[in-house]
Every structure is written in C-alpha cells, then in structure tokens.
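From first to last, the protein sequence lines are chains L, H and C. With my numbering, letter number 79 in the first sequence gets 79, and the count goes up by one each step, no holes. Here my numbering runs 1000 ahead of the position in the second sequence, where the first position is 1. Here my numbering runs 2000 ahead of the position in the third sequence, where the first position is 1. First comes the structure, then the notes that go with it.
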Amino acid sequence: MAFYRPARYQKPFVILLLLALLVLPPALYAWGQAFYIGFATRILIFALAASSLNLVLGFGGMFSLGHAAFFGAGAYVAALCMDNGISDALLAFPLAMTVAGLLALVVGAISLRTRGVYFIMITLAFAQMTYYLFVSARVLGGDDGLPLAGRMTLGGLSLTSDGALFYSALGCLALVMTFLGRLADARFGRTIQAIRDNEARMEALGYPVFRYRLVCFVLGGALAGLAGALLANLTGLASPNLLQWTQSGTLLVMVIIGGVGYLYGGVIGALVLLCLEEVLVGFTLHWHIGLGLMLIAIVLFAPRGVAALFGKSNG
Amino acid sequence: MAEALLEVRGLSRRFAAVDALKEVDISVDAGEIHALIGPNGAGKTTFIHHVSGALQPDRGSVHFAGRDVTRLSMHQRVAAGMARSYQITNVFLGLSVLDNVALAVQGRPDAGGSFRFWKPVSSEQWLFDEARGYLDQVGLSARVETVAGNLAHGEQRALELAMALATKPQLLLLDEPMAGTGQEESTRMVELIDHLARHVTILLVEHDMDAVFRLADRISVLVDGRLIATGAPEAVRADPDVRRAYLGDHL
Amino acid sequence: MTQLVFEQALNGLQFGLMLFLLAAGLTLVFGIMDCINLAHGSLYMVGAYFVAAAAQAADSFWIGLGAGVAGAAVLGLVLELSLFRQLYRRDHLSQVLATFGLILIANEAVRMIWGAQPLLLNPPDALSGPVEIGGFFYPAYRLVIIAFGVAVAGLLYLLVARSRVGMWVRAGAANREMTEALGVNVQGLFTAVFVFGAALCALAGGLLGPLLAVQVGMGESVLILAFVVIIIGGIGSIRGALVGSLIVGTVDTLGRALLPTLLRAALPADAAATLGPALASILIYLLMAAILFFRPQGLFPARA
C-alpha cells in the first residue's frame, strides 16, 4: 500500500460536481421537485459523516464500529443548544464538534490500547453504551429523542429554508474535503497512512504511534459531530437511533462501497447508498433484502469498493 | 573508566516454559563495533528486541547513555538515540526508496513532529535532500525513485540501513544486515558498516564470520540464551568454550 | 428484600448462562476462523422464530425446541457452505459488510414471513408455576433454563477440554496455521464449529422466547452483550466466555434491579431517578472498560 494520490482527473471532476451542486436547488425548484432539496442535503450530510469515518478507517487504518456515537452526539448537542438559547450555528456547530471530539478522546484513549478484532468490538460496545446513556436520560428525551424548536441561523442567515440549509451543508462538506485533501499530503496524513501500513516500523522510527492514532480518531469524531449537528437541523430531531450501532454499520457500508482510503470514498458511498435506498423503496417495501444481497455481492465480487471499479489505483 | 554507551545487566526473559535469555550482561563502548554472535536460536534477535524496547525483560536492566531505559517504550528509546535495522526486511514496500527514508527523517525529534495538517510534505525540500544524503551513503542514489518492493534483496537491506541512519542515532542495532545477501553485496555492506562506524556506535548481530572478524572491535557470544564469552576477537576465537559451542564449524 | 435479591441473582445466573450459549459459538468463530460475524444475533433471532413456529405447529414446547434447533443447525450449514466459507480468508472489513447485509436480509425475511408482531411462545404447562427453594420461590421454567445452561456448559467443557475434537478446536484458536499443518481437517472443523454455534444460538433463542418477546430485531441488542462477554473473557476461550457471561449476566441483572434502589437511598430523589436507569444500563460497559484497562486481551485470551 502507498500514500494516497488523487487520480489525475479528480480535480476537474470535483470542480464540475461542485458547480453542479451550486445550481441544484434553483434547478430543482424550476422542475417542481423542490422536495428533493432535503434529500440532497441528507446526502451531503451523510457524505460528511462517511468521510469522517473514512479518515479514521481508510487513512488511519482504525476499524471503528462505533462512529455513530460521535454522529449522534453532535445532533444532541445541536438540540441542546437550541433548547438553551444558542441558535447560532456559528456557536453551536463548533460546540457539537468539541463535544463529539471529547467523546472520541475518551473512547479512543481506552480503545486504541487494543488491536484487531478487540478494537472493533470495543468501539462497538462504547457506541452502544453512549446510546444507552442518551436513551435513558430523561432530560434528553429518552426514546423519542430531543426535538429542535426550529432551524438554526448561520451568523445572520436563517437556515429555515431548505435551500439555505443545503448550501450550508455544501459549504461544510466542501471545507472539510479541502481540509482532508490537504491533510492527506501533509506530515500528519503521511504519518497515519504509514502507521496504517506498518505500525511496528513507525514505532521503530521514533513515532509515538498511539498519539497520532488518537488525534486521527478525535478528528474523525469531531467531524462526525459536525455532520450530526447539520442532520439535527435537517430533520428537526436528535434521535437516539442515530447512536445505534446499526447506524455505525450504515456509515461503514458507505465508506466501504465508496472505497476505503480514497479521499472521496465517503462521498461516493453516501451518494450511492442513499440513492439506492430511494430507488429500491420504490420497488418494494422489503427493499432491505435487496440491499443486503447487494452488500454481499459487493463483498464477493467487487471487494475494493465502487471507487476501485473506476480504476483509481493507489498501490 | 568511561561508562559504556549501552549497558545491559542481568537481562532475563522467559517465554512460556523456555528461558530465552538468562542473566545476560553485555556492554557496548561508545565508538566501537560490538558483534553479537551465536548459533541459531541462541536468543540474539530476542536480545535486540529487549534493547530496542520491543520487548520487556522479566529481570535485568538496560542503560543507555547513562539513563535507565528499561521501562521506556520503543519510540522513546529511538528519540533517545537508538536505532535498529531488522533481520527480515521491514521497509514500506509500497513507497519509493526516497519516501521511506524521508519518513525516517520526518520522525526525528529535531524535525518538529508530524502534527502538521496543511502544508504538503512534498514542499519540504530539506527532508528529501537529507534523505538523499543517507541514500548516497549506503549507495542507493541510483534507486531513489524506485518503489521499495521492487528492489533487489541486497538493496532492501541497504535501505533498511539508510532508514536507521536517518534517525541520527548514537547506537545502531544491526540485526543480520548481511542476511540473504550475495558475495558482492556482502562486501559492500561490510565496507559500508566500517565507514559508518566512524560516526556511530554499532551493535552487530551476524552469522557471517568473515564480516564479524573483519569489523568487530569486541565480540560477545550468546549460546542458549546465556553469554559464554566476551572480549577481543582473537581471544574469543581462541576460547575453548566458544569453539566447542559454536565456532568449530565456522572457522 | 432478600426474596428480591435471591430472585435477581438467579435471574442473573440464568441470563448469564443464556448469554454463554451465544458467546461460546461467537468466540469460537472469532478465535478459530478469525471471522467477524455480525449476523450471529440474527441466528439467535431466526432460531427463536423457528422454535416458536414449530412449537405452535406441534402444540408442544419441547418438540418446537428440538425442531427449531435442528432447523437452525441446517440454516447454519447452508450459510457456512455458501457464504462464510468465502469470508474466512477475507479481511475484517469485508466480513463486517457481508454479515451486515445478512442482518438486513434476516430481519426483513422474518418480517415478511411472520409479520411485524411478536410471535407467541409459551413455556411448557408443567413448568409454568413456581418452585420452592430453601424458603424462597422461583419460577420453575427459569430453573430449567439454568439447568440447560449448566448442562451445555458442562458438555462444552467435556468437548473442548477432554476430547480430541476439542483439542483441535483449542489448537485452532491458538494457532490456525499450525493446526492445518498438523493435518487436521480444518475445513470440516470450521463447518462443525459454525453449525454448532448456530444450534446454540437457536437453543438460547428458544429457551428465552417465553420470557422475552420473539420479534424482529431481538438479535441486535443481545449481540452487543455477546461481544462484551467475549471482550471481557478473551477471544477464542470457552472458559473466558463462561466467566464473561456470568459476570455480564449477574452484573447487568442485579445492577438494573438494585442500583435504582441503592441510589435512592444515597441521593436526592430527582438525581436518583435520572441517574439510576442510565447508570444501570451502562454498568457492564463501564465494567468492560475497567477490565480492558488492566487486561487489554481479556481475562483468558486463547492467543498469546
């Protein structure tokens, strides 16, 4: 395995995509399909969440099955902010990221002392623990979750319109992807990729491996928290279901489908999975079976993910 | 008497029911090439693991540059000035030769740490310039852009060495650098080690007796986890215990 | 009060033993085949459904139990031969993806066949009353579950610690390549372990069916507990699975029963009301974290 290197046509493709997304809301309005703006926003938010997991899993090599804990925590922080008079996203979003990041710090500090299958299961268990904690706390709404009284404002701009929220999510995603792209080529990105490939060697070169892994894990958690805060605004609810390990599984599936370790793996995966859901629901109520079969088929026949099918080889 | 750079006292380690190391006392003086020899399974690599920090002893201590480093982790010992090469090549096979060594340079304490998230590494010319310097020393200048997995075996051993050097160690632990190399590569490796020894202290584990007797200032002999002799090469060569246990076939 | 403690302690034992049935199969699959099977909980669920359906059809709990377990074993065989055999050599990521897909399929298939409402499973009439033990009363049925659990634990002990097959299993858990090199029919061993695990799941599902609801999604919550058990006990170790299950079972049950009461005695009512249930539900996870802090490999790791 090698350092991540973007495919040659990636940059123009991404710019094209960005332009297309910028005109999407007015286009959808014009076609009378304004309903789909919410759906598109959902894709952007999950793209962000999946990308945060891709940082931890694809670049950091840490197979975390509990990433939903940070996703959900972000949503709850957003809801709590609204409840307590903080309706400006410029305050609430960083707060959500901080809380999610702190949670990741605690979970990571304990979990990263383990390896392999243990690590996978421990992250799973911690996520479930977070779920139980949130669900049994009556002040957090218990089973029903915590509703948001309305959408937040971004500085002065109100996010109540679907379009405004879409652009905010797009802005966040664009910022994060830019950051992750730079990170991959920076010292930190090289370090965690090298640790992923050969931990013992890095240790022998004097790198404090645990510390780098933990920082990567915390970053991933914080970014997931941002996605959670955005989702809470979109759905108007911080639901405990966001914390379930099955949600972690969904994020994982997105990353794997999109291509683990490819910068846009999370984005592609979210797009594919959510669109697939939308299409399959139209066919049958029991579309889960189709999805399940598809996942198994991917594992058996396209093991390196959708992105790999497009021939983006990086060693 | 000057204190040795590396001072291992009473090192003992048991694996399940086997005593891998029994009360091993070895000291390595600054500036010398100290060779560690012994039959297969004697515990030489295990010993190196304990010195480098990959393993913790049951009893005994490791002192380096005057400090007790027995409880320090591997990366802490590397920061203190120890470096090692591996018996089984352990480089980043998917990366270029240059990137391999650059990683080693980047990991040095004086490089400033890797918690940098924005500036691309490719813009840090000095990392790669220094890396090229080390690659020059080991004779890999021509293979700088080659992916490490495509190198010949001897070249990979040289790369191992370059990476260890790039950490600017005071003590270099070389675990069978000549393993699997042909005649020509061995000769080159011997010259290289001899050259490097001018700047760095070396603890050398080797089976190649020609190389050992050509390079070593002192030799320690490990058999079944126990140190049976240590001293100047001629003394060790003449030692009856050593001849009986090990050297008989190799002379 | 002592009746409560006695009852809950036995409930904890009962729950723990049932967890053991799940954890034993799971830890072997992890330990020997190095395969992450998220769908293990689905085997438990499907097993419970098989038992319930068979029991209704035959109008007998015991026939239902037997038929259900047998059916689950067959299902396990089919799954092993068709899918899991391919998964063993794959990386953990692929295993998670595939078994996650299995969960989706299992949940939906069950919903399609039996609907969204829970399926009724009644305990045998003869066991529906309480039994007196040293002055205390305890439901006869739960006592039988405990008996089953102890019997299986004993059987597994004999099998794993005293038989040749068991020796292979332990060897496989400690060092797969070596066991293969020694000429053991590893592929057959894998199949046997998997099928046996599936049968145990169904047994647990069927026995717990009358107590918990037989419904879609019942496998997920129990799966996590099984994971916690394995983490605490150590992967690949039956002994670890037993100890872990008993610890988790008793701590969880007693915690949920007693903690709210204890807190109410120590804290103001408001705090106790919010803290009580929350703390009780995360108690085992805290325990797991604590154990991991000192023993990252669990209590009895099979692999060094």
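Just so it is clear, CB atoms sit at the ideal spot from N, CA and C, and this is done for glycine as well. Quick caveat: nothing in here was measured; it's all calculated off a predicted structure.
| Item | Value |
| --- | --- |
| Relative to the alpha-carbon of Ala1162 of chain H, which residue among H:Val1051, H:Thr1070, H:Gly1133 has its alpha-carbon at the smallest distance? | H:Gly1133 |
| Taking Cβ-Cβ distances below 8 Å as the criterion, which residues of the stretch 191–221 of chain L are in contact with chain H? | Thr191, Ala194, Asp197, Asn198, Ala200, Arg201, Met202, Glu203, Ala204, Leu205, Gly206, Tyr207, Pro208, Val209, Tyr212, Val215 |
| What does Arg187 of chain L touch in chain H if you count any residue whose Cβ is under 7 Å from its own? | Gln1106, Ser1114, Arg1116, Val1121 |
| Do Gly2025 of chain C and Leu2200 of chain C come within 7 Å of each other at the CB atom, strictly closer than that value? | yes |
| Based on the DSSP output, what are the partners of Pro1120 of chain H in its beta bridges? | L:Ala186 |
| Report the option in C:Ser2128, C:Val2222, C:Leu2189, C:Phe2015 whose CA atom is closest to the CA atom of Val2150 of chain C. | C:Phe2015 |
| Looking at the secondary structure, which residues open and close the beta strand (DSSP E) in which Phe1213 of chain H lies? | No beta strand (DSSP E) holds Phe1213 of chain H; the alpha helix (DSSP H) holding it covers 1209–1215. |
| What is the DSSP secondary structure of Arg1198 of chain H, reduced to helix, strand or coil? | coil |
| Ile1048 of chain H and Leu1127 of chain H look like a contact to me (Cβ under 8 Å); what is the Cβ gap, rounded to whole Å? | 28 Å between Cβ atoms; not a contact. |
| Residues in its own chain within less than 7 Å of Leu18 of chain L by CB, not counting five upstream and five downstream? | Ala174 |
| Of the choices L:Ile298, L:Phe70, L:Ala137, whose alpha-carbon is the least far from that of Pro2277 of chain C? | L:Ala137 |
| Note down the Cα distance separating Thr1089 of chain H from Asp1175 of chain H, rounded to an integer number of angstroms. | 10 Å |
| So, helix, strand or coil for Asp83 of chain L, using DSSP? | helix |
| Helix or strand or just coil, what does DSSP make of Ile1033 of chain H? | strand |
| DSSP beta-bridge partners for Leu223 of chain L? | Its beta-bridge partners do not exist; DSSP assigns none. |
| Please work out which residues of its chain come closer than 6 Å, Cβ to Cβ, to Asp88 of chain L, disregarding the five sequence neighbours upstream and downstream, and give them in chain order. | Thr153 |
| Assuming Met129 of chain L is part of the alpha helix (DSSP H), what are its boundary residues? | 116–136 |
| I need the boundaries of the alpha helix (DSSP H) containing Pro1240 of chain H, first residue and last residue. | 1240–1245 |
| Going straight from the alpha carbon of Ala2304 of chain C to that of Phe2293 of chain C, what length do you get? | Here the model assigns Ala2304 of chain C a pLDDT of 45, short of 50, so the residue's position is not dependable, and the following value carries that caveat. Going from the Cα of Ala2304 of chain C to the Cα of Phe2293 of chain C covers about 17 Å. |
| What residue range does the alpha helix (DSSP H) around Glu2177 of chain C cover? | 2176–2181 |
| Quick check on Arg115 of chain L - is its C-beta less than 7 Å from some C-beta in chain H? | no |
| Go ahead and pull the three-state DSSP assignment for Thr191 of chain L. | helix |
| Chain L beta carbons: is any one of them nearer than 7 Å to that of Val2248 of chain C? | no |
| State the beta-bridge partners of Phe1015 of chain H as determined by DSSP. | H:Val1018 |
| Is it right to say Arg187 of chain L is buried, meaning 16 or more other beta carbons lie within 10 angstroms of its own, or is it exposed? | buried |
| Would you mind stating whether Glu2220 of chain C and His286 of chain L have Cβ atoms separated by less than 7 Å? | no |
| For a cutoff of 7 Å on Cβ pairs, would you count Leu226 of chain L as touching chain H? | no |
| Using only alpha-carbon positions, find the residue among L:Gly290, L:Ile296, L:Val117, L:Val253 that is nearest to Gly58 of chain L. | L:Val253 |
| Distance, Cα to Cα, Thr2027 of chain C vs Ser2245 of chain C? | 12 Å |
| Using only the alpha-carbon positions, how far apart do Leu91 of chain L and Gly155 of chain L sit? | 9 Å |
| Classify Cys216 of chain L as buried or exposed, calling it buried when 16 or more other Cβ atoms lie within 10 Å of its own Cβ. | buried |
| How many Å lie between Ile296 of chain L and Ala227 of chain L at the Cα? | 28 Å |
| Alpha carbon to alpha carbon, how far is Ala30 of chain L from Val2216 of chain C? | 43 Å |
| Note down, in chain order, all residues in the stretch 8–25 of chain L with a beta-carbon under 7 Å from any beta-carbon belonging to chain C. | none |
| Taking one C-beta from the stretch 237–255 of chain L and one from the stretch 265–282 of chain L each time, how about it: are there three or more such pairs within less than 8 Å? | yes |
| Using 7 Å as the limit for Cβ to Cβ distance, is Gly1094 of chain H near chain L? | yes |
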